[in-house]
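Residue numbers (this note's numbering): 1295 to 1405. Note that the Cβ used here is the ideal one computed from N, Cα and C, for glycine as well.
Encoded structure:
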(Lines of atoms letter the chains of each structure in order from A and count residues from 1; the text may use other names and numbers.)
(Lines give C-alpha, C1' and ligand atoms only; values in the text may rest on other atoms or scores of the structure.)
Protein backbone atom coordinates (compact mmCIF):
# COMPACT_ATOMS: atom_id res chain seq x y z
CA UNK A 1 0.00 0.00 0.00
CA UNK A 2 2.81 2.42 0.90
CA UNK A 3 4.53 1.85 -2.45
CA UNK A 4 1.27 2.39 -4.33
CA UNK A 5 0.71 5.67 -2.47
CA UNK A 6 4.27 6.74 -3.21
CA UNK A 7 3.76 6.12 -6.94
CA UNK A 8 0.43 7.97 -7.00
CA UNK A 9 1.91 10.98 -5.20
CA UNK A 10 4.83 11.33 -7.62
CA UNK A 11 5.06 14.97 -8.75
CA UNK A 12 1.86 16.11 -7.03
CA UNK A 13 0.78 18.11 -4.01
CA UNK A 14 -0.94 15.80 -1.53
CA UNK A 15 -2.72 16.16 1.75
CA UNK A 16 -2.71 12.93 3.72
CA UNK A 17 -4.68 12.52 6.92
CA UNK A 18 -3.43 9.54 8.86
CA UNK A 19 -3.24 8.08 12.33
CA UNK A 20 -0.36 5.75 11.52
CA UNK A 21 3.02 7.43 11.36
CA UNK A 22 4.39 5.01 8.80
CA UNK A 23 1.95 6.54 6.31
CA UNK A 24 3.36 10.06 6.72
CA UNK A 25 6.90 9.77 8.05
CA UNK A 26 8.54 10.40 4.64
CA UNK A 27 6.41 13.49 3.93
CA UNK A 28 8.11 16.80 3.21
CA UNK A 29 5.96 18.52 5.84
CA UNK A 30 4.05 16.95 8.74
CA UNK A 31 1.43 18.96 10.60
CA UNK A 32 0.39 17.49 13.96
CA UNK A 33 -3.08 18.44 15.13
CA UNK A 34 -4.23 18.21 18.73
CA UNK A 35 -7.89 18.94 19.42
CA UNK A 36 -8.23 20.83 16.15
CA UNK A 37 -5.16 23.03 16.63
CA UNK A 38 -1.70 22.79 15.10
CA UNK A 39 0.53 21.39 17.84
CA UNK A 40 3.70 20.77 15.80
CA UNK A 41 5.01 21.12 12.28
CA UNK A 42 8.14 19.79 10.58
CA UNK A 43 9.84 16.77 9.07
CA UNK A 44 9.83 13.38 10.76
CA UNK A 45 13.39 13.69 12.14
CA UNK A 46 12.75 17.24 13.36
CA UNK A 47 9.59 16.22 15.20
CA UNK A 48 11.37 13.29 16.86
CA UNK A 49 13.89 15.74 18.35
CA UNK A 50 11.08 17.63 20.11
CA UNK A 51 9.26 16.56 23.25
CA UNK A 52 5.75 16.67 21.85
CA UNK A 53 2.73 14.74 20.68
CA UNK A 54 4.44 13.39 17.55
CA UNK A 55 7.29 11.95 19.60
CA UNK A 56 4.86 10.37 22.09
CA UNK A 57 2.90 8.72 19.29
CA UNK A 58 6.14 7.56 17.66
CA UNK A 59 7.39 6.07 20.95
CA UNK A 60 4.15 4.12 21.32
CA UNK A 61 3.80 3.03 17.71
CA UNK A 62 7.18 2.64 16.01
CA UNK A 63 10.17 3.17 18.29
CA UNK A 64 10.78 -0.52 19.06
CA UNK A 65 10.51 -1.49 15.38
CA UNK A 66 12.80 1.31 14.20
CA UNK A 67 15.40 0.53 16.88
CA UNK A 68 15.41 -3.12 15.81
CA UNK A 69 16.11 -1.98 12.24
CA UNK A 70 18.70 0.57 13.36
CA UNK A 71 16.74 3.54 11.99
CA UNK A 72 16.12 5.68 15.08
CA UNK A 73 17.78 9.11 14.78
CA UNK A 74 20.14 9.80 17.65
CA UNK A 75 19.41 12.58 20.12
CA UNK A 76 21.57 15.74 20.04
CA UNK A 77 24.88 15.45 21.89
CA UNK A 78 25.46 17.36 25.13
CA UNK A 79 27.35 20.04 23.18
CA UNK A 80 24.30 20.61 20.98
CA UNK A 81 25.81 18.98 17.92
CA UNK A 82 23.41 16.81 16.00
CA UNK A 83 24.58 13.47 14.62
CA UNK A 84 24.49 12.76 10.87
CA UNK A 85 20.96 12.09 9.66
CA UNK A 86 19.30 13.94 12.55
CA UNK A 87 18.80 17.06 10.45
CA UNK A 88 15.81 15.74 8.54
CA UNK A 89 17.87 14.16 5.77
CA UNK A 90 16.54 10.90 4.54
CA UNK A 91 17.89 7.80 2.88
CA UNK A 92 14.89 7.50 0.57
CA UNK A 93 13.51 10.15 -1.79
CA UNK A 94 10.68 12.28 -0.36
CA UNK A 95 7.11 11.34 -1.04
CA UNK A 96 5.47 13.48 -3.61
CA UNK A 97 1.93 14.76 -3.12
CA UNK A 98 -1.20 13.19 -4.59
CA UNK A 99 -4.01 15.08 -6.24
CA UNK A 100 -7.25 13.11 -6.19
CA UNK A 101 -8.65 12.33 -9.63
CA UNK A 102 -11.41 14.64 -10.72
CA UNK A 103 -14.87 13.19 -10.74
CA UNK A 104 -16.46 13.31 -14.16
CA UNK A 105 -19.73 15.16 -14.48
CA UNK A 106 -21.36 11.97 -15.78
CA UNK A 107 -20.49 10.13 -12.58
CA UNK A 108 -22.54 10.49 -9.45
CA UNK A 109 -25.78 11.18 -11.29
CA UNK A 110 -24.82 14.61 -12.65
CA UNK A 111 -25.56 15.32 -16.30
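Within the continuous alpha helix (DSSP H) that includes residue i, where are the two ends?
i: residue 1320; result: Careful: residue 1320 lies outside any alpha helix (DSSP H) and carries neither H nor E.
i: residue 1314; result: Neither: residue 1314 is in no alpha helix (DSSP H) and is coded neither H nor E.
i: residue 1351; result: 1347–1355
i: residue 1301; result: 1296–1303
Please check the pair residue i and residue j, which I expect to be a contact at CB under 8 Å, by giving their CB distance rounded to whole angstroms.
i: residue 1347; j: residue 1334; result: 6 Å
i: residue 1327; j: residue 1355; result: Actually they are not in contact, since the Cβ atoms of residue 1327 and residue 1355 sit about 16 Å apart, beyond 8 Å.
Pull up the DSSP beta-bridge partners for residue i, would you.
i: residue 1336; result: 1324
i: residue 1331; result: 1328
Label residue i either buried or exposed according to how many other C-beta atoms from any shown protein chain fall within 10 Å of its C-beta, with 16 as the threshold for buried.
i: residue 1320; result: buried
i: residue 1295; result: exposed
i: residue 1324; result: buried
i: residue 1383; result: Its pLDDT being 44, under 50, residue 1383 is placed unreliably by the model, and the measurement read from it follows with that caveat. So residue 1383 ends up on the exposed side.
i: residue 1301; result: exposed
i: residue 1305; result: exposed
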